[in-house]
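First comes the structure, then the notes that go with it.
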Amino acid sequence: MTANEFLLLSPFLVLGLGAVAVLLAGVLPLPGRQTLAHGLALALLAAAFALSLALLGQTGVAMDGGLRFDAVSYGFDALACAGAFGALVLARGYAPLRGEVGEAFGALVLFAVLGMFILISADDLLVAFLGLELVAVPLFGLVAWVPRHRGAIEGGLKYAVLSGVAAAFFLYGLALIYAGSGTLALPAMGAALAQAHAQPLLTVAGFVLLLVGIGFELALVPFHMWAADVYEGAPVPVSALLGTVAKVAMLVFLVHLLGAAPPRVLSALAPILAVLAVLGMLVGNLLALRQTKVLRLLGYSTIAHFGYVLAALSCVSADGYRAALYYGLAYAVMNMAVFAVFAVLSTRNGGEGRIADYRGVGRRHPWLGLALVVGVLSLAGLPPTAGFFAKLFVLSALLHGGHVGLAVVLVLATAASFYYYLRLLLAFFQTEETTQMPMARPAPGGALVLGVAVLLTLGVGVWARAFF
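In terms of this note's numbering, the sequence shown has 1 at position 1, counting the first letter as 1, and numbering is strictly consecutive.
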């Protein structure tokens, strides 16, 4: 490894070696070893975050071309660290996880973030598969971390089984791509398909199977069956990690995959992406309309949001890819704000039940009400939040690309989402306080995460052009 490669990989090394150090810290014969391990995990995430920001201006490749680095990859690496940092802070103060957040929990989060780093920077499909598995495997355990939590075991098993199915599709896709092109390196794919011995149809079929595998991980319709059960069964901080930066890392890889795909592959994938986008926007919103539980509503809402993202990707244009990446950034910060509200509202019984359980909470705790208003209005796509500009950029890409039909579906789906988002807000600020939800004392760290997420939701919107 050269000195330059060592520099480029330094955030990866901090997380990989740091995860081992966190495990070792947890077995030291010290009275506060859980607190030590948790603090060390947070410090390592902060260090990786700082290194990623410091390397924003660096470009290059490492690991024999398997990883490529640029401002986009390091920017989303920093986002992954920030999201995981927030999830770890929320986990420490989350009542059902009290006493459960030790060295193993912190190490699993660090390994998952390392997998996100690999996915974000992958320039080789086999490397991307390793990153995919390094994200998924730690999340199996984190989803079912509190077995007594209702739906935890079911959610963990569903996520494990369907992630295995996704891996099978992904690997089979790799095999077909290699058989058709003779390479798994994304930069070499176009030249490989131009060779006389290449088999473009096999390569196209392989890319379609890759898309199916990615569809399971992103909970795209019709591969969405696991999402609501996993969101409901997992502890809220784990759902926040899974539902924000873990998905965004996969999105960044998908954008890079499409950007590197040869024209013949793109012409086959574009209509598939458009169909999946319509299904996601319609099915996600229609299922969310029927939900009476907060986390199930957020799970189906996520399906709809990735329908909007796929609409941008179906343009297979630079504008569409930029809109999708900005949407990923906006989605991460606004979803973290909403999840943080319900993590802070945790009770001894979990505190993430029916929407009706939160009646009047916004009146009793105005700061939580304000945070939820900002997060939910952003999810709904109202100005001046990040969610508004995310949808605006997607709509602009669709209209510039001549995809008027998709633009109409996006507008109608967004309008339908207002109903269930408004229903959540109305319950939160309902005058009649017939339900007095007991609250655990919110940890200062939870309030900090909530405040930062809300400010970012507004800031990413107000300064949208700086990111787009």
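All residues carry an ideal CB built from backbone N, CA and C; glycine is no exception.
Given the structure is predicted, the values throughout are model-derived calculations rather than measurements.
For F69, the beta-bridge partners assigned by DSSP are G60. Burial state of D64 is exposed, judged by a 10 Å Cβ sphere holding fewer than 16 other Cβ atoms. Across the set V460, V230 and L24, the C-alpha of V230 shows the shortest separation from the C-alpha of I153. Straight-line spacing of the CA atoms in I120 and A185 works out to 15 Å. Contact between the region 113–131 and the region 76–90 is present, with at least three C-beta pairs closer than 8 Å.
Within the model, the alpha-carbon separation for G381 versus L410 is close to 11 Å. Under DSSP, D124 shares a beta bridge with A185.
The C-alpha of E232 lies about 14 Å from the C-alpha of F140. Note: K293 is bridge-paired with R354 in the DSSP secondary-structure output.
If you draw a straight line from the Cα of A54 to the Cα of I355, it is about 42 Å long. A distance below 6 Å between beta-carbons, with the five flanking residues on each side excluded, links A87 to the following residues of its chain, in chain order: P237, A240 and L241. When rounded, the separation of the alpha-carbon atoms in H149 and L372 is 24 Å. In this structure, L282 places its C-beta atom within 8 Å of the C-beta atom of A413. W145 sits buried, since 16 or more C-beta atoms from the chains shown fall within 10 Å of its C-beta. DSSP places S396 inside the alpha helix (DSSP H), whose first and last residues are A386 to H400.
Cβ neighbours of G155 within its own chain (closer than 6 Å, five residues either side excluded): V143, D229, V230, G233 and A234. Between G243 and T302, the CB-CB gap stays under 8 Å.
Judged by beta-carbon spacing, L45 lies within the 8 Å limit of F85, meaning their Cβ atoms are closer than that value. A122 sits close to L67, with the two beta carbons spaced by under 8 Å.
Runs of the alpha helix (DSSP H) lying entirely within the region 87–125, each at least 4 residues long, are 103–121 in chain order. When DSSP states are grouped into helix, strand and coil, W145 belongs to the coil group. In this structure, F117 keeps its C-beta atom at 8 Å or more from the C-beta atom of D70. A Cβ-Cβ distance of about 7 Å is found for the pair L132 and E217, placing them in contact under the 8 Å criterion. A Cβ-Cβ distance of about 4 Å is found for the pair A453 and A337, placing them in contact under the 8 Å criterion. A Cβ-Cβ separation of about 6 Å places F170 in contact with F129 under the 8 Å criterion. Contact holds between the region 306–321 and the region 258–269, because three or more Cβ pairs, one in each stretch, are under 8 Å apart. Comparing C-alpha distances from A323 to each of P138, L399 and V135 shows the shortest one belongs to L399.
Less than 8 Å divides the Cβ of A390 from the Cβ of Y326.
Between P262 and G182, the C-beta gap is not smaller than 8 Å, which leaves the two residues out of contact. Nearest Cα to H256 within the set L56, L28, G215 and L125: L125. For Q34, the three-state secondary structure derived from DSSP is helix. With respect to the C-alpha of G445, the residue from S378, L174 and V341 having the closest C-alpha is V341.
Comparing alpha-carbon positions, the option among V22, L287 and D319 lying closest to H38 turns out to be V22.
With respect to G215, F223 sits close: the two C-beta atoms are nearer than 8 Å. Between G213 and the set L424, V165, A19 and G387, the nearest pair of CA atoms involves V165.
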